[in-house]
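So the sequence shown is numbered by the numbering used here: it starts at 44 and just counts up by one.
Inspection log for the structure reproduced underneath, given as structure tokens.
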Amino acid sequence: MALTSQEIKLSKLDLALYLGQALKAVVLTPLNDGEVTININGQNINAKTSHQFTPGETLDVKVVNTDDEIVLQVQQQPQNAPALQKTILQNALMQNLPKQAPPTNLLENLEQLVQSSQVGQTDKLPPAIMQQIKTLLANIPAIAQLPQQLSKAINQSGVFLESTLLQWQPGMPTAPVQTDFKAQYLKLLNSLPIELKNNFLMSIKNETQDNANPTLQRDPLPLPGAIPQPLHKDAILNLSDKTPETIQTVIHEQVNQALSRITANQVTHLTQMAQQDDNKSGFLIMLDIPVKTPQNDIDVIPLMIKQRKATATEPSQWSMSFAVSLSELGDLQGTVTLNGTEVSVKINTDKQETIDTLNHYQGDMQDLLKELGLNLGGFNLKLGLENNKIQTENLHLLDIRI
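Right under this line is the structure:
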């Protein structure tokens with residue numbers, strides 16, 4: 044089969060493709076004699092083409108032949124594709140931002156229901172719903188295990204569900220999908236048979252409203268420029284005296300809030316990736332990691348993973364920021380930055396005593412990094428938490444926040 048300039052012939056493929064399937068392909072390296080290496084669903088493939096593609100270029104392709112050979116047709120984007128994409132992302136953010144909330148109170152309420160069941164109280168929810176709740180909570184790692192399970196916790200946070208489903212093929216393990224928090228929230232939502240009662244929900248919000256109203260500077264917002272903020276638990280609603288219908292209504296609302304937050308984090312990531320023409324912008328994603336504390340409570344740790352692209356004078360730099368609220372150390376914000384083999388640590392806290400305590404561990408951290416072949420480039424402790432630095436063009440989205 045002769046190739047046109049808009050077609051790619053795959054010389055080796057272990058993926059099961061079907062006619063008409065739409066795919067994303069990333070150009071890796073051009074080879075000799077009209078060959079190029081592309082990546083599809085995480086698999087590097089040598090392909091033949093008569094077109095000169097640029098390394099790093101992302102292609103929308105469609106499967107047009109699966110008989111004797113696999114042929115992909117490159118789909119041309121409309122001239123207004125970037126503007127259309129921006130509009131779609133902005134609309135998605137406007138729909139989800141007003142409804143989003145961290146899953147802190149949701150997980151506390153679910154844990155409350157399970158604990159009531161364990162002390163012999165009659166379950167107020169159907170067995171199928173209770174089983175889904177127990178399955179969801181069983182996937183939350185203990186905070187002491189988080190360093191070893193951090194990669195797994197990030198992958199199952201919910202923001203990668205669609206990517207996992209896209210790459211999944213028959214015969215592959217289903218555990219990554221089954222343990223994903225977005226998938227589990229969707230299962231739980233699907234098991235709740237009732238509709239929301241707005242009047243009741245307003246009374247519940249008034250009952251659990253925190254006395255300290257959040258501010259723009261400290262709100263845990265999934266927007267570019269936001270900084271992870273410690274998540275404090277609102278007054279926990281006592282579910283023991285509530286009817287099954289009431290409990291299901293509360294859970295229904297809070298699951299929707301958690302799903303909207305995951306979606307808002309995904310949209311913010313896609314918005315950042317669409318701005319690759321800015322040579323300083325790189326990878327950015329925000330997510331929430333639930334953990335079990337030694338007191339058998341559930342806390343939620345917001346994370347932000349960020350890349351600063353390499354320049355002519357500086358190498359690529361990666362950082363991970365987080366925020367926690369601890370009973371003894373108080374509120375903390377931390378950023379760990381990796382620059383080559385150099386690791387820098389910055390911690391903000393609202394208590395001077397915490398700074399004094401953490402200073403004693405600087406030497407231990409330096410020794411630990413040395414064992415790993417890394418150097419401690421900086422150990423910076425500051426009194427006072429950092430505020431959000433939300434970009435000006437996104438402030439209009441907060442006008443509709445409810």
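Idealized CB from N, CA, C, for every residue including glycine.
Contained beta strand (DSSP E) runs [length at least 3] in the stretch 300 to 383, N- to C-terminal order: 327 to 335, 341 to 351, 360 to 369 and 373 to 382
If you draw a straight line from the C-alpha of Lys285 to the C-alpha of Leu156, how long is it? The sequence position of residue 285 within the sequence shown is 242, counting from 1. The sequence position of residue 156 within the sequence shown is 113, counting from 1. Rounded to the nearest whole angstrom, the CA to CA distance from Lys285 to Leu156 is 11 Å.
With distance defined between alpha-carbon atoms, name the residue in Leu193, Ser194 and Lys230 nearest to Leu179. In the sequence shown, residue 179 corresponds to position 136, counting from 1. Measuring from the Cα of Leu179, the nearest candidate turns out to be Lys230.
Measuring CB to CB, does Leu136 end up less than 9 Å from Thr311? Residue numbering aside, residue 136 sits at position 93 when the sequence shown is read from its first letter. Residue numbering aside, residue 311 sits at position 268 when the sequence shown is read from its first letter. In this structure, Thr311 lies closer than 9 Å to Leu136 by Cβ.
Rounded to whole angstroms, what's the CA-CA distance from Leu208 to Ile83? Just pull it up for me. Within the sequence shown, numbered from 1, the residue matching residue 208 stands at position 165. Within the sequence shown, numbered from 1, the residue matching residue 83 stands at position 40. Roughly 14 Å between the two C-alpha positions.
So, are the CB atoms of Leu282 and Val298 less than 9 Å apart? Residue mapping note: residue 282 aligns to position 239 of the sequence shown, counting from 1. Residue mapping note: residue 298 aligns to position 255 of the sequence shown, counting from 1. No, these two residues do not count as a Cβ contact at 9 Å.
Please return the same chain residues whose Cβ sits closer than 7 Å to the Cβ of Asp111, not counting the five positions on each side in sequence. Locating residue 111 in the sequence shown gives position 68, counting from the first residue. Closer than 7 Å at the Cβ level, and outside the excluded window around Asp111, lies no residue.
Pro98 versus Pro73, Glu78 and Gln118, residue with shortest Cα-Cα distance: Here residue 98 corresponds to residue number 55 of the sequence shown, with the count starting at 1. Cα-wise, what sits closest to Pro98 is Pro73.
Less than 9 Å separating the beta-carbons of Val388 and Thr380? Taking the sequence shown and counting its residues from 1, one reaches residue 388 at position 345. Taking the sequence shown and counting its residues from 1, one reaches residue 380 at position 337. Going by C-beta atoms, Val388 is nearer than 9 Å to Thr380.
Exposure of Tyr228, with buried meaning 16 or more beta-carbon neighbours within 10 Å: To locate residue 228, count along the sequence shown from 1; it is residue 185. In this structure Tyr228 is buried. Its beta-carbon is surrounded by 16 or more other beta-carbon atoms within 10 angstroms.
For Ser283: DSSP bridge partner residues: For the purposes of this step, residue 283 is identified with residue 240 of the sequence shown, where counting begins at 1. Paired residues: none, contrary to the question.
Anyone know if the C-beta pair for Thr101 and Val79 falls short of 9 Å? The sequence position of residue 101 within the sequence shown is 58, counting from 1. The sequence position of residue 79 within the sequence shown is 36, counting from 1. No.
What do you get for Asn308, buried or exposed, if any count of 16 or more other CB atoms within 10 angstroms of its CB means buried? The count along the sequence shown starts at 1 and reaches residue 308 at position 265. Under this definition Asn308 is a buried residue.
Residue range of the beta strand (DSSP E) that Thr72 falls in? As a first step, residue 72 is located in the sequence shown; it is residue number 29 there, counting from the start. Here the beta strand (DSSP E) through Thr72 covers Ala65 to Pro73.
Per DSSP, what kind of secondary structure is Glu100 in: helix, strand or coil? Within the sequence shown, numbered from 1, the residue matching residue 100 stands at position 57. Three-state result, Glu100: coil.
On the DSSP letters alone, give me the boundaries of the beta strand (DSSP E) that Ile81 sits inside. Here residue 81 is taken as the residue at index 38 of the sequence shown, counted from 1. Here the beta strand (DSSP E) through Ile81 covers Glu78 to Ile83.
Excluding sequence positions up to five away, which residues of its chain have a Cβ less than 6 Å from the Cβ of Met5? Since the first and last residues shown for the chain are 44 and 445, residue 5 lies out of range.
Burial state of Asn241 (16 or more Cβ within 10 Å): Numbered from its first residue, the sequence shown carries residue 241 at position 198. In this predicted model, Asn241 has a pLDDT of only 49, less than 50, meaning its place in the structure is not dependable; the value taken from the coordinates is given anyway. Exposed.
CA-CA distance, Leu235 and Gln221? On the sequence shown, residue 235 is found 192 positions in, with the first residue counted as 1. On the sequence shown, residue 221 is found 178 positions in, with the first residue counted as 1. Their Cα atoms are separated by approximately 18 Å.
Looking only at C-alpha atoms, which of Lys177, Ser200 and Gln409 sits nearest to Ile344? For the purposes of this step, residue 344 is identified with residue 301 of the sequence shown, where counting begins at 1. With distances taken between Cα atoms, Ile344 lies closest to Ser200.
Note down the Cα distance separating Gln405 from Asn391, rounded to an integer number of angstroms. Numbered from 1 along the sequence shown, position 362 holds the residue referred to as residue 405. Numbered from 1 along the sequence shown, position 348 holds the residue referred to as residue 391. Gln405 and Asn391: Cα-Cα distance of roughly 15 Å.
When you compare only the Cα positions, how much space is there between Glu429 and Gln158? If you number the sequence shown from 1, residue 429 lands on position 386. If you number the sequence shown from 1, residue 158 lands on position 115. Their backbone Cα atoms lie some 36 Å apart in a straight line.
Is the beta carbon of Leu66 less than 9 Å from the beta carbon of Val106? Against the sequence shown, residue 66 aligns to sequence position 23. Against the sequence shown, residue 106 aligns to sequence position 63. For Leu66 and Val106, yes; Cβs fall inside 9 Å.
Would you decide whether His403 is buried or exposed? Buried here means 16 or more other CB atoms lie within 10 Å of its CB. Taking the sequence shown and counting its residues from 1, the one referred to as residue 403 is at position 360. Per the 10 Å Cβ criterion, exposed.
Can you grab the Cα-Cα spacing for the pair Val202 / Ala90, in whole Å? Taking the sequence shown and counting its residues from 1, one reaches residue 202 at position 159. Taking the sequence shown and counting its residues from 1, one reaches residue 90 at position 47. Rounded to whole angstroms, Val202 and Ala90 show a C-alpha spacing of 31 Å.
Can you tell me the Cα-Cα spacing of Leu60 and Leu115, whole angstroms? Translated into positions along the sequence shown, residue 60 becomes position 17. Translated into positions along the sequence shown, residue 115 becomes position 72. Rounded to whole angstroms, Leu60 to Leu115 spans 10 Å at the Cα level.
Closest residue to Pro145 among Pro216, Pro265 and Pro169 (Cα-Cα distance): The count along the sequence shown starts at 1 and reaches residue 145 at position 102. For the set Pro216, Pro265 and Pro169, the Cα lying nearest the Cα of Pro145 is the one of Pro265.
I'd like to know whether the C-beta atoms of Leu153 and Ile176 end up nearer to each other than 9 Å. As a first step, residue 153 must be located in the sequence shown, where it is residue number 110. As a first step, residue 176 must be located in the sequence shown, where it is residue number 133. Yes, the pair counts as a contact, with Cβ atoms nearer than the cut-off.
Please state if the CB of Gln143 and the CB of Gln350 are separated by a distance shorter than 9 Å. Sequence index remark: in the sequence shown, residue 350 carries index 307 (1-based). Sequence index remark: in the sequence shown, residue 143 carries index 100 (1-based). Annotated as distal: Gln350 and Gln143, with beta-carbon spacing of 9 Å or more.
Quick one: give me the first and last residue of the beta strand (DSSP E) that Val157 is part of. Translated into the one-based positions of the sequence shown, residue 157 becomes position 114. Premise fails: Val157 lies in the alpha helix (DSSP H), Thr147 to Gln161, not in any beta strand (DSSP E).
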